[in-house]
Amino acid sequence: MLQQTPVARVLPVWAEWLARWPEPRDLAAVAPGEAVRAWGRLGYPRRALRLHGCAVALTERHDGAVPADLGALRALPGVGQYTAAAVGAFAFGIRAAVVDTNVRRVHARAVSGLALPAPSLTAAELTLAEALLPEDPAIAARWSVAVMELGALVCTARSPDCSRCPLAAHCTWVATGSPAYAGPPRRTQAWHGTDRQCRGVIIAELRSSARPISVGDLAEHWPDNDQFARSLSGLLSDGLVEQVEPGWLQLPGLTD
DNA sequence: GAATCGTGGTG
DNA sequence: TCACCAAGATT
Numbered sequence: 000m001l002q003q004t005p006v007a008r009v010l011p012v013w014a015e016w017l018a019r020w021p022e023p024r025d026l027a028a029v030a031p032g033e034a035v036r037a038w039g040r041l042g043y044p045r046r047a048l049r050l051h052g053c054a055v056a057l058t059e060r061h062d063g064a065v066p067a068d069l070g071a072l073r074a075l076p077g078v079g080q081y082t083a084a085a086v087g088a089f090a091f092g093i094r095a096a097v098v099d100t101n102v103r104r105v106h107a108r109a110v111s112g113l114a115l116p117a118p119s120l121t122a123a124e125l126t127l128a129e130a131l132l133p134e135d136p137a138i139a140a141r142w143s144v145a146v147m148e149l150g151a152l153v154c155t156a157r158s159p160d161c162s163r164c165p166l167a168a169h170c171t172w173v174a175t176g177s178p179a180y181a182g183p184p185r186r187t188q189a190w191h192g193t194d195r196q197c198r199g200v201i202i203a204e205l206r207s208s209a210r211p212i213s214v215g216d217l218a219e220h221w222p223d224n225d226q227f228a229r230s231l232s233g234l235l236s237d238g239l240v241e242q243v244e245p246g247w248l249q250l251p252g253l254t255d
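At position 140 of the first sequence the residue is numbered 139 (numbering that gives the first Met the number 0), and the sequence of numbers has no breaks.
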């Protein structure tokens, strides 16, 4: 849930999920569509599908438990390098570099003297994070929490509060006069009129309906028919939407 | 490596 | 108002 989504927005949905599905096997026992519906408006609904897939994999391959092993974590759907490291370090005390957007920004400023990190994670950043990580696993985990929190609360993207930063006296970026970002352009994602928005509209409609919806009724919610067809096709191949019978759609696995 | 994938708060 | 950005992963 936290992948690309602010903590404050995740918290209420997360609490609701854990109350409803306390264990992986509880989530694995329901249809994937239930997960997509309970995902609400967190965005990137494929994550709901993958989280459900995680619950199934944990139930089938790990006796319903989360494995304390980076390789096994990484093999779960939707779990990449960051998530495997975060779960490994914070849940199990495994020594792993946890490099999220906050950590990348703190390192970019304090060590590399840059206002912001590159658009995507580089090998050099991973090498740096590993080099900075304390040797003792338990201390390494606390280190990662500390750097993440520093980035989230003090060394923020828009307006860092350097007067409140414990690293200010050692920060390369501050020492060099806090130069502006000079890297490659950071492109903002288009939204209005995009397939992304169209997909969002389709999922929102299906999420709010207890029953299957006809393709025709669904198409009423989007002005461009070709784009609607393309977006729906994508959702079907993603497994986010299911055709219960020709022309009738619903979230996956819901028997209505 | 680049493109794709949601949504809402905020300066 | 609107561009920016948020505990990334996958293809």
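Don't be surprised by glycine CBs; every beta carbon is placed ideally from N, CA and C.
May I ask which residues mark the beginning and end of the alpha helix (DSSP H) holding residue i?
i    : result
V65  : First-last for V65: undefined, no H or E at that position.
L127 : A122 to L131
L234 : N224 to D237
G150 : P136 to L152
R36  : P31 to A37
Output the boundary residues of the beta strand (DSSP E) element that contains residue i.
i    : result
E241 : E241 to E244
Q3   : Counting along the chain, Q3 falls outside any beta strand (DSSP E), and DSSP gives it neither H nor E.
Q249 : W247 to Q249
Can you tell me whether residue i is buried or exposed, with buried defined as 16 or more other CB within 10 angstroms of its CB?
i    : result
H106 : buried
E241 : buried
S230 : buried
A257 : Absent from the structure is residue 257, since the part of the chain shown begins at 0 and ends at 255.
I202 : buried
A122 : exposed
By Cβ distance below 8 Å, which residues in the same chain neighbour residue i in space, the five residues on each side in sequence not counted?
i    : result
Q249 : G32, L205, S208, R210, P211, I212, V240, E241, V243 and D255
W247 : P211, I212, S213 and V214
D194 : Q226, R229, S230 and G233
Below 7 Å CB to CB, which residues in the same chain sit around residue i once its five sequence neighbours on both sides are set aside?
i    : result
A128 : A96, V98, V102 and H106
A47  : A34, V35 and W38
V110 : L127 and T171
T58  : P23, R24 and A27
Take residue i and list the residues in its own chain whose beta-carbon comes closer than 6 Å to its own, dropping the five residues that flank it on each side.
i    : result
V146 : V102 and V105
W142 : P133
D160 : V153
G252 : A30, P31 and G32
What three-state label does DSSP hand residue i in the structure shown?
i    : result
I93  : coil
S111 : coil
Legend entry - Cβ contact (3+ pairs, closer than 8 Å) linking the stretch 88-102 and the stretch 14-29: no
Inset, instruction - Kindly confirm or deny that the stretch 54-71 and the stretch 208-222 touch, where touching means at least three C-beta pairs closer than 8 Å. - result: no
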